[in-house]
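Undergrad: Residue numbers (UniProt numbering): 1 to 228. For every residue, glycine included, the Cβ atom is placed at its ideal position computed from N, Cα and C.
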Amino acid sequence: LDVDTRMVPASRAAALRAAGAGIAAVDAVMQDQTRTAFCAVRPPGHHATAQVSMGFCLFNNIAVAAAHARDLHGLERITIVDFDVHHGNGTQAIFERDPAVQYLSTHQSGLYPHSGSVYERGVGNIHNLLLPPGSDGLRFRNVWEDEMLPLVDAFRPQLILISAGFDAHLRDPLADLMLDDDDFAWLTGALRTLADRHARGRVVSMLEGGYDLQALRESSVAHVAALR
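Right, dumping it as structure tokens:
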């Protein structure tokens, strides 16, 4: 554990349930029980590597879900979209040599964990774009529409996974981006459209960061509404 990551006696059980929720959600969409799923889990996961828990994260929930979809369900193309304000260094590290998994992240420059450069490309499956402090929803949408979503479209994923961090919200105390719940809903809707085109509508989203509770609630509600 790093200095930011604490555990209490119930933490391990909670983390196992969080990772298990992703597995259950993938099974549900792959077995046509539902087309989309949102896992409102804690602790978050995208900073955890295969070996180290860090950044409030014990297990990498989205990576577990992706590996399950690849290994058990035999998927050959899985996209992970991460719009948390912090770079998902753990997710990238786990899949940067795996061409079956595409990872795309927008995150604020200058923040923990100080990774996620545009030059970090893996085997061509890693795509990072940094947003300067103060970036608003228009810039966020333009970056995704012009640069990131075409990469998803070209990859033709059989499943889209979302690391849904809402700490890029303008009210969040840990960052300096200026997004609101409509921006998260817009990107979610765009991903739904791509999932309908390539993945039979299959999308699994897992909660990552978000530290203003009202903003977290509003953003989660908007995100789930756009998933439906």
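Please state whether DSSP places PHE83 in a helix, a strand or coil.
TA: Three-state result, PHE83: coil.
Undergrad: Relative to the alpha-carbon of PRO173, which residue among ASP196, GLN108, SER205, ASP212 has its alpha-carbon at the smallest distance?
TA: It is ASP212 whose Cα lies nearest to the Cα of PRO173.
Undergrad: Output the distance between the C-alpha atoms of ALA40 and SER205, rounded to the nearest integer angstrom.
TA: Cα to Cα, ALA40 sits roughly 9 Å from SER205.
Undergrad: Give me the residue from GLN51, PRO157, LEU227, PHE166 with the minimum Cα distance to ILE80.
TA: Ranking GLN51, PRO157, LEU227, PHE166 by Cα distance to ILE80 puts PRO157 first.
Undergrad: Is the region 122-139 in contact with the region 190-202, if contact means three or more CB pairs nearer than 8 Å?
TA: Contact between the region 122-139 and the region 190-202 is absent, because fewer than three Cβ pairs lie under 8 Å.
Undergrad: Excluding five sequence neighbours on each side, which residues of the same chain lie with their C-beta closer than 7 Å to the C-beta of LEU129?
TA: Within the same chain, LEU129 has close Cβ partners THR106, VAL118, VAL143, GLU147, MET148.
Undergrad: Just to confirm the assignment, what range does the beta strand (DSSP E) spanning SER11 have?
TA: SER11 -> not in any beta strand (DSSP E); alpha helix (DSSP H) instead, spanning 11-30.
Undergrad: Grab me the residues of ILE23's own chain with a C-beta within less than 7 Å of its C-beta, minus the 5 sequence neighbours each way, in chain order.
TA: Closer than 7 Å at the Cβ level, and outside the excluded window around ILE23, lie VAL64, ALA65, HIS68.
Undergrad: Look at the alpha carbon of ARG197 and the alpha carbon of LEU227, and state the distance between them as a whole number of angstroms.
TA: Cα to Cα, the separation comes out at about 15 Å.
Undergrad: In three-state terms, what does DSSP make of GLN33?
TA: GLN33 falls in the coil class under three-state DSSP.
Undergrad: Could you give the first and the last residue of the continuous beta strand (DSSP E) run that contains SER163?
TA: Per DSSP, SER163 belongs to the beta strand (DSSP E) from 159-164.
Undergrad: Looking at C-beta atoms only, is the number of pairs between the region 38-56 and the region 78-93 that lie closer than 8 Å three or more?
TA: Yes, they touch.
Undergrad: Which residue wins for smallest C-alpha separation from VAL101, given the options ILE62, ASP180, PRO113, LEU111?
TA: Checking every option, the nearest Cα to that of VAL101 belongs to ILE62.
Undergrad: Who are ASN128's beta bridge partners in DSSP?
TA: Its beta-bridge partners are SER105.
Undergrad: Using only alpha-carbon positions, find the residue among PRO9, ASP180, HIS127 that is nearest to PHE155.
TA: Ranking the options by Cα distance to PHE155, first place goes to HIS127.
Undergrad: Given this structure, state the Cα-to-Cα distance separating ARG17 from ARG171, to the nearest angstrom.
TA: Their Cα atoms are separated by approximately 29 Å.
Undergrad: Hey, ARG200 and ILE160: beta-carbon distance below 8 Å or not?
TA: No, the Cβ-Cβ distance between ARG200 and ILE160 is not below 8 Å.
Undergrad: If you draw a straight line from the C-alpha of LEU138 to the C-alpha of ALA175, how long is it?
TA: LEU138 and ALA175: Cα-Cα distance of roughly 18 Å.
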